[in-house]
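As structure tokens, the structure follows; a few thoughts come after it.
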Amino acid sequence: GWGGGGGFLFFVQKMAANCTASASKTKTKKKHFVAQKVKLFRASEPLLSVLMWGVNHTINELSHVQIPVMLMPDDFKAFSKIKVDNHLFNKENLPSRFKFKEYCPMVFRNLRERFCIDDQDYQNSVTRSAPVNSDAQNRMGARFLTTYDKRFVIKTITSEDVAEMHNILKKYHQYIVECHGNALLPQFLGMYRLTVDGVETYMTVTRNVFSHRLTVHRKYDLKGSTVSREASGKEKAKELPTLKDNDFLNEGQRIQIGDENKKMFLDKLKRDVEFLAQLKIMDYSLLVGIHDVDRAEQEEVEVEEKGEEEDCENDGMSHPVGSYGTPPDSPGNMLNFPRIFGPGEFDPTVDVYAIKSQDITQANFPDAPRKEVFFMAIIDILTHYDAKKKAAHAAKTVKHGAGAEISTVNPEQYSKRFLEFMSNIIT
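The sequence shown begins at 720 in my numbering and counts up by one.
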């Protein structure tokens, strides 16, 4: 239950201390150029227009609500709802009728602050241009999108996931407070329900594990499981397939980040995974993205050369777009300060999950690791043991009749197996 009374007061101290100053440098530069754009919420489908409208609306509303000294128990059950009936208004983009609900607005605002995400930046990322479909689809058929600037990931979830989020939100928030936002868990930044044409869609917004700037060349979803965990042929045919545990092992892939990084990473992972086991959560994965620095440089050169050929044709007016560097008039331009980063360089306050591969000069070690940047974080933490067990039991009962044995490991076992696998593949 929610419990009452004083045990549940969470201090909402100003978190400027662990949100480094680098964020504020860009502030003044950005503001003037936000106002000039009229937001039409243009998108490829009504659902996305409603999401853009809704996030725009709720962040505007929140900006008039004072930041409390602490969150109260009620904040963890709160929501705001709005029902819109437009007559002949902005029909190009918005459906004439829709509803938008934000869950626990004060809690998620506080989480955004703890994760050093400015509400204005969050609003801009979601609303200035439509989110983009990603071709990743998980087995549950959830949809994934990224914001146009690739900073945030939007995922459709089920009503059960919404209930589970409410179940864990107090403890999750408390945990984020205690670790000062420095965890490998998903950074939940907002949770919404959209109603369009009488159909309800639930969505969460999280920080992108991968970089908005450095291309990910290989991607793995690892659970440390022994059961047939490999990508299907259909998956492998994709441009960037989501590979799994067996693919990882069969390719002899390693994550070489050096002793110091390894220790820091595994300490964090252990703490996070123990927290999840306490909450009886399981079935989460470690998402791993690998950016190959030399390959990116090569791709950059190819893009530039192509750009130069076109330049000759149109008086040098075109600007190549590379993995670092956006065309001058693109919306992200003020944020990213193009080309101040060398190959494989990143801003750790933005790419919070990035770790560089161990720096060994090729001369000393002929078998030195490739120059790579790894992006690693825990994803999919909304599966509760009981829910999983019930589902597995139902499936088994259908197959083998009542009283069939369940082989599903428990959260404690899951977490141990997970940690053991990860500590073996990281060197």
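Backbone N, C-alpha and C define an ideal beta-carbon position, used for all residues, glycine too.
Check: Assuming residue 833 contacts residue 896 (C-beta within less than 8 Å), just tell me the rounded distance between them.; Outcome: 7 Å
Check: Is the CB-CB distance between residue 943 and residue 1094 below 8 Å?; Outcome: no
Check: Classify residue 774 as buried or exposed, calling it buried when 16 or more other Cβ atoms lie within 10 Å of its own Cβ.; Outcome: buried
Check: In the DSSP assignment, the beta strand (DSSP E) including residue 988 goes from what residue to what residue?; Outcome: Careful: residue 988 lies outside any beta strand (DSSP E), inside the alpha helix (DSSP H) at 978-997.
Check: Just reading off the alpha helix (DSSP H) that residue 776 is part of, what are its end residues?; Outcome: 765-781
Check: Beta-carbon separation of residue 759 and residue 809 under 8 Å?; Outcome: yes
Check: Closest to residue 1077 by CA distance: which of 1111, 1145 and 1102 is it?; Outcome: 1145
Check: Which residue's Cα is closest to the Cα of residue 784: 927, 826, 978 and 806?; Outcome: 826
Check: For residue 1013 versus residue 936, is the C-beta spacing smaller than 8 Å?; Outcome: no
Check: Kindly indicate the opening and closing residues of the alpha helix (DSSP H) around residue 954.; Outcome: 952-955
Check: Given residue 966, which residues of its chain have a CB within under 6 Å of its CB, disregarding the five upstream and five downstream residues?; Outcome: 949 and 950
Check: Can you pull the DSSP bridge partners for residue 852?; Outcome: 864
Check: Taking just the CA atoms, how far does residue 791 sit from residue 876?; Outcome: 26 Å
Check: Could you tell me which residues DSSP puts in a beta bridge with residue 931?; Outcome: Partner(s): none; residue 931 has no beta bridge.
Check: Provide the residue(s) that pair with residue 909 in DSSP beta bridges, ordered along the chain.; Outcome: 924
Check: So for residue 793, helix, strand or coil by DSSP?; Outcome: helix
Check: From 1096, 838 and 1130, pick the residue whose C-alpha is nearest to that of residue 1103; which is it?; Outcome: 1130
Check: Using the rule of at least 16 other Cβ atoms within 10 Å of the residue's Cβ for burial, across every protein chain shown, is residue 1138 buried or exposed?; Outcome: buried
Check: Could you give the DSSP three-state label for residue 1103: helix, strand or coil?; Outcome: strand
Check: Are the CB atoms of residue 1008 and residue 938 within a distance shorter than 8 Å?; Outcome: yes
Check: What do you reckon, are the CB atoms on residue 871 and residue 908 nearer than 8 Å?; Outcome: yes
Check: Taking only the alpha-carbon atoms, compute the straight-line gap between residue 882 and residue 838 and give it to the nearest angstrom.; Outcome: 25 Å
Check: So residue 867 and residue 849 are supposed to be a Cβ contact under 8 Å. How far apart are they, rounded?; Outcome: 6 Å
Check: Would you mind working out which of 1142, 841 and 1128 sits nearest residue 926, comparing C-alpha positions?; Outcome: 841
Check: Under a three-way DSSP split, which group does residue 762 fall into?; Outcome: coil
Check: Could you check the C-alpha separation between residue 1108 and residue 1127 for me, to the nearest Å?; Outcome: 7 Å
Check: Verify whether the separation of the beta carbon atoms of residue 1004 and residue 940 is less than 8 Å.; Outcome: yes
Check: State buried or exposed for residue 1061, treating a residue as buried only when at least 16 other CB atoms are found within 10 Å of its CB.; Outcome: exposed
Check: Do residue 1101 and residue 880 have their beta-carbon atoms positioned less than 8 Å apart in this structure?; Outcome: yes
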